[in-house]
Amino acid sequence: MRNAKPLLALATAGLLLMVFLSSNALMSQSPPDGQEPGAAIYRDAASSVLWIEVLDASGSVVGTGSGFLAEGGQVLTSAHVVATGTPRVRLGPVALNARAERLDLKQDLATLTIEGELALAGLPLAQHSPPPGTSVWVIGNPQGLERTITSGTTSGTRTEDGVSYLQLSAPVSPGSSGGPVLTADGKVVGLVRMTLRTGQNLNFAVPVEAIRAFLAGDVAQRSVETFQEAIQLLAQESGLSFASEGLSDPRGCALARSAISMAGSDKERWLQATSTAWKHFRVTDCLDEHLGWARKTYLMFGAGHEESFALYSAALMAGARRASDGTDLWREAVQAMEQEDKVRPRADWRFWADLAEAAENLPGMGATAEHALERAAAPCMQLALPSDGPELQANEGGQCRNRIGLLVFAHFSAQGKLDAARAGLGIATNVRETQSEDFELSRWLAGLEEHWLALANSYFQVGRFADASNAAATAADLWVELGTWHSAFEARCAAAFYAGRAHNDDDALRHGRDCIALSNRVENPDTLLLGIIHASLSRIFQARGLPDQVLVHTQQALALLDPEKNRSLMGSVLEKRASALLDLQRPSEALAAAQEALQLTDGSDASTHFVAGSAAFDLRDFTTAERYFRKAAELNPSNSAALYNVALCLENRGFRSDAALWYRKYLKLAPNGEKRPAIEKTLHEWGM
């Protein structure tokens, strides 16, 4: 019972704390109804499950996990939860200082001593692990959600390198490490340890036999005390994700620092520590430190040492990519790689791809980048590509084509050599053509769509609209393959717009229809974009003499566009609608549409006035028609048809002298116009 005794005599305060903890346990959340026997397990066991925080030297929380009070008053948790900092147990708003009393890094078990008496019932330990198929429940604090219960079944006990694992299907999330695994009788059969990163629902716990052996043993390690222990804990992360909040970046950094410190001046240990930390941790929070370690390692071994150089260059590249201004790191990377090539000439495509990327990010080093790309491409293109998708995922030929293609794209895009950039992007994209249908597309296609869309925009900026349309269409195709419907919709609409600017009406029509179809898969599609596409299609159908289709798409465009924000575009759409209505012999509606268009705009469009005049003429409102035709002629003095129609309106109103004047204006502007014979005959009959 020594773990349950307080470290300090708390007198009255201790008594009050015990009362509070006891009452706090009774107030813990209850499980949902209808989950028997899980509800009974939760009722009896949840109050004995603890939330553990781990603090660094500054007192900041760098990790969290779970633990529980076992029979005999022992507080159990995972060693990896508490090995790299100072533990603290939290019960609601109360935080209790604790210390790790015993650790077994191999079995990943630890006991804690807490400053305060826990008025809680200890959970009984089973004698043996349950057989496969047994229902189990896990209680823990995933993502800081206190005392959450999940259920599943056991899949058996596995043993690897002398370590036993109880496999279970109960969901395990970060924050659950150290929590109990219980059977229907409320007994602990395991302690949550980790989940397999690459597996689905492959979760593991320390079996109860190992827990009992640990509690009965004499392991008395209070912290990570030896270099091999630090390396062991680092390496355990390989392929596994502990179900604590980590090993988080801060805790991984702390463990890496311990290993580095213990390595001392032994360069082989130093290399082992730095390379193990780099391999097994996301060290973004201590990337600068890791770069320093990698730099020192490389200096220890000197140029020509493959492993230390690989570590050094990887750290340099990662640091430069992350830095807001990575110029110095890019330059250091280039210098290191150039020196390495002199000492030991390199043929590896990865080496030259790294050099190309680094040089590309430095001013005045375009030639170096291009040379490196050539050196990378030669061995890359000799690597075969399998036709089977799962093999391709790890295939070097696919990896190098993807990376080098993107580097070529970036290099030549920056120089404005868009066709060369497109060729590089094509190399990266074509890798997908060898994939089987069940292959995980996102691995290879991630980011390619944005690059194609960026290329489309570059082509558009220089007026190469057809190329812009093709690039945007490729982006849309990739997004469709990924099922990213919103992006696919926008890219397809862009392809339609660019094709329209290129006067390629067939492509504009095809992409426009696809854009509209994709909008049905999108929640809250961009209405302006859709309105523009419908307007564009109405123009195409107007040119092809299909007024019914013009009405369909102008109606859709008008419903989508905002009359306050898109007045000019709506005016153009209404003009096309008026023309279509006129072609369908619906002059009243045509006149109304044309007049609405003029009201929305500044009235400076000659075509709209002409359509309004034509509609009024069909309605035999010659005065109104004359006014609109006069305005059309004023706005577009080269429009001979407007001059003729003014004359025709005046003639119908009985103003022959004025009509003759406008007929002569027509003849002057169009001396060989088709109306010349009829006009001359009319003027002759009038004696003019």
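Those letters in the sequence shown? Residues 459 to 1146, per the numbering used here, in order. Quick reminder that beta carbons are idealized off the backbone N, C-alpha and C, glycines included.
With contacts defined as CB atoms closer than 8 angstroms, Gly644 and Pro582 qualify as a contacting pair. Excluding residues up to 5 positions away in sequence, Phe526, Leu527, Leu578, Ala579, Gly580, Leu581 lie with their Cβ nearer than 7 angstroms to the Cβ of Ser506 in the same chain. The alpha-carbon of Pro495 is positioned some 22 angstroms away from that of Asn661.
Here Ile597 is bridged, per DSSP, to Ile607. Taking a cut-off of 8 angstroms on C-beta distances, the segment 1054–1064 does not touch the segment 1010–1018, as fewer than three cross pairs fall below it. By the 16-neighbour rule on beta-carbons within 10 angstroms, Arg560 is buried. The residue among Asp1020, Val801, His909 with its C-alpha nearest the C-alpha of Phe867 is His909. Of the residues assessed, Met1146 falls on the exposed side of the cut-off, its CB having fewer than 16 other CB atoms within 10 angstroms. For Ala558, the enclosing beta strand (DSSP E) has its first and last residue at 552–562.
In this structure Trp751 is buried. Its beta-carbon is surrounded by 16 or more other beta-carbon atoms within 10 angstroms. Apart from sequence neighbours up to five positions away, the residues of its chain that approach Cys1107 with a beta-carbon distance below 6 angstroms are Phe1080, Ala1083, Glu1084, ordered along the chain. In this structure, Ser536 and Arg651 form a Cβ contact; the two beta carbons are roughly 6 angstroms apart against a cut-off of 8 angstroms. Out of Cys973, Gly598, Ile510, the CA that lies nearest to the CA of Ala934 is found in Cys973. Assigned with DSSP and collapsed to three states, Leu1004 falls in coil, not helix or strand. Ala827 sits buried, since 16 or more C-beta atoms from the chains shown fall within 10 Å of its C-beta. Residue pairing from DSSP places Phe662 in a beta bridge opposite Gln625, Met652. Every unbroken stretch of the alpha helix (DSSP H) spanning 4 or more residues and falling wholly within the segment 933–988 is given here in chain order: 943–959, 963–977. Ala814 and Leu649 have their C-alpha atoms spaced approximately 49 angstroms apart.
If you compare the alpha carbons of Leu1077, Gly614, Ala1090 with that of His1067, the shortest gap goes to Ala1090.
Secondary structure at Gly784: coil, using DSSP grouped into helix, strand and coil. Positions of the beta strand (DSSP E) runs, each at least 3 residues long and wholly inside the segment 1052–1087, cannot be given because no such run exists.
Under the DSSP assignment, Gly521 falls in the beta strand (DSSP E) whose first and last residues are 519–527. In the DSSP annotation of this structure, the continuous segment of the alpha helix (DSSP H) that includes Thr1140 starts and ends at 1134–1144. Ranking Leu563, Leu1042, Ala953, Leu986 by CA distance to the CA of Phe672 puts Leu563 first. Under DSSP, Leu567 shares a beta bridge with Asp562. For Thr826, the enclosing alpha helix (DSSP H) has its first and last residue at 824–838.
Judged by their CB atoms, Leu1040 and Ala1064 are not nearer to each other than the 8 angstroms cut-off. Relative to Thr942, the option among Tyr956, Cys744, Pro821, Leu906 whose CA is nearest is Leu906. Per DSSP, Leu513 is one residue of the beta strand (DSSP E) stretching across 507–513.
Assignment of Glu575 by DSSP, reduced to helix, strand and coil, places it in the coil class. Inclusion of Leu787 and Leu774 in the CB contact set at 8 angstroms is warranted, their separation being smaller than that value. Contact between Leu626 and Val594 holds, since their C-beta atoms are separated by about 6 angstroms, short of 8 angstroms. Its chain contains Ala1048, Ala1051, Ala1052, Val1069 as the residues whose beta carbon lies nearer than 6 angstroms to that of Ala1036, once the 5 sequence neighbours on both sides are disregarded; these appear in chain order. Bounds of the beta strand (DSSP E) holding Thr535 are 533–535. Non-local beta-carbon contacts of His869 in its own chain, meaning distances under 6 angstroms to residues more than five positions away in sequence, involve Glu818, Ala827 in chain order. Here Gly863 is buried, its C-beta having at least 16 other C-beta atoms within 10 Å.
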